[in-house]
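Everything on this sheet refers to the single structure shown next.
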Amino acid sequence: MVDERSLIQRLQRGDPSAFREAFEQHKDRLYRLALNLLHDPDEAEDAVQEAFISLTRGIADFEGRSQLGTWLYRVTYNAALQRLRRARTTQGIVSDDSAAAERFKDPGAGPEERLDAAELRRRLDAAMATLPDSLRMAFFLRDVEGLSTLEAAETLGVTETALKVRLHRARLALREQITDAPLPGTTTAAGMSCEEAVSHVSDYLDGTLADDMRARVEAHVERCEHCRITVDSTRDTVALAGERRAVVLPAPRSTRLFSRLQAILAARASEA
Numbered sequence: 001m002v003d004e005r006s007l008i009q010r011l012q013r014g015d016p017s018a019f020r021e022a023f024e025q026h027k028d029r030l031y032r033l034a035l036n037l038l039h040d041p042d043e044a045e046d047a048v049q050e051a052f053i054s055l056t057r058g059i060a061d062f063e064g065r066s067q068l069g070t071w072l073y074r075v076t077y078n079a080a081l082q083r084l085r086r087a088r089t090t091q092g093i094v095s096d097d098s099a100a101a102e103r104f105k106d107p108g109a110g111p112e113e114r115l116d117a118a119e120l121r122r123r124l125d126a127a128m129a130t131l132p133d134s135l136r137m138a139f140f141l142r143d144v145e146g147l148s149t150l151e152a153a154e155t156l157g158v159t160e161t162a163l164k165v166r167l168h169r170a171r172l173a174l175r176e177q178i179t180d181a182p183l184p185g186t187t188t189a190a191g192m193s194c195e196e197a198v199s200h201v202s203d204y205l206d207g208t209l210a211d212d213m214r215a216r217v218e219a220h221v222e223r224c225e226h227c228r229i230t231v232d233s234t235r236d237t238v239a240l241a242g243e244r245r246a247v248v249l250p251a252p253r254s255t256r257l258f259s260r261l262q263a264i265l266a267a268r269a270s271e272a
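According to my numbering, numbering within the sequence shown proceeds without interruption in unit steps and concludes at 272.
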């Protein structure tokens, strides 16, 4: 486990081995983040390159107000977002999402069919591609990458409350698209309506509900089959998202990218 404070101090001293360590530690997560936005491996690689170049330029002034990984996430997110906006402007497209969804489009299995893991992952990818950027990134950072609510909020430049609202909406939207589970109920059980119970699903799954509210939700879910299925299928959706962490920066791209970064740093040093 890399000691982050020590790593930052070494980076600030210009230790080449520290830069390599930072690259190896963060490259895969940054690549997944950029790829999730851009749907283009080359563009994603370039966004990661921008992030590491920014690291070398800004590390001297890094004060540790956030974790290095969170800072790199934010820089990568901004770099990818700028590329995405330029592409949408110059190509006259509204979003890359429709193309991504088409690549993973599912012809539709009947409700009686049992989906295998690969099919569920394809459905998740297609469903994520249909979400607005704000919802998709909230879901991606929290449930795919496993960032805390605070880290995800800092990366996106929003409040924790706003992040939680986006995450809740994303989870329910994805859950409806990738599972064959029925919609939530419309009844009242244990003194709580289905609408109220469903509004607490994300906080319930994250373990952030107050004890009294958690008990109320559990009492309702115990008596309402539709809401019990909603909770279970949302939990399955979150678990499925975590499997996408297997996406990494391919070795040839990693080698090429690091070589480019070394060349850029060497050129900068020779000009100093």
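Ideal Cβ placement from N, Cα and C applies to all residues, glycine included.
Smallest Cα separation from residue i: which of the options?
| i | options | result |
| --- | --- | --- |
| A266 | G185, I8, F19 | F19 |
| Q177 | A118, T130, T56 | T130 |
| L249 | L209, D46, E195 | D46 |
| R166 | T149, T179, A181 | T149 |
| I229 | A181, H220, L68, L205 | A181 |
| A219 | S254, T188, L240 | T188 |
| L172 | R223, G157, D236 | D236 |
| A175 | E196, M137, A239, E151 | It should be pointed out that residue 175 corresponds to Arg in this sequence rather than to Ala. Here the closest residue by C-alpha is A239. |
| E119 | T179, A162, L81 | T179 |
| G69 | P41, L261, H26 | H26 |
| F258 | A126, L163, R85, E24 | E24 |
| P252 | S199, R121, D42, R29 | D42 |
| R85 | E63, D133, W71 | D133 |
Check this for me: beta carbons of residue i and residue j, under 8 Å apart or not?
| i | j | result |
| --- | --- | --- |
| S202 | H168 | yes |
| G185 | H226 | yes |
| T76 | L38 | no |
| Y31 | V48 | yes |
| G146 | G207 | no |
| Y204 | R216 | no |
| E160 | Q67 | no |
| A60 | A79 | no |
| L141 | T155 | yes |
| A22 | L35 | no |
| F139 | A162 | no |
| R256 | V144 | no |
| V221 | A197 | yes |
Could you tell me the boundaries of the alpha helix (DSSP H) in which residue i lies?
| i | result |
| --- | --- |
| D212 | 211–223 |
| E271 | 251–271 |
| A246 | Neither: A246 is in no alpha helix (DSSP H) and is coded neither H nor E. |
| A152 | 149–156 |
| L205 | 201–206 |
| H26 | 16–38 |
| P132 | Neither: P132 is in no alpha helix (DSSP H) and is coded neither H nor E. |
| L7 | 4–12 |
| A47 | 41–58 |
| T161 | 160–178 |
Tell me the DSSP secondary structure of residue i in three-state form.
| i | result |
| --- | --- |
| T188 | strand |
| R103 | Per-residue confidence for R103 stands at a pLDDT of 32, beneath the threshold of 50, marking its modelled position as unreliable; no derived number is given. |
| S66 | coil |
| R114 | The predicted position of R114 is uncertain, since its pLDDT is 42 and thus under 50; a value taken from the coordinates is nonetheless stated next. Coil. |
| M137 | helix |
| V198 | helix |
| D97 | Residue confidence is low: D97 scores 41 on pLDDT, short of 50, so the model does not pin down where it sits. Its coordinate-derived value is still stated next. In this structure, D97 counts as helix in the three-state DSSP scheme. |
| T234 | helix |
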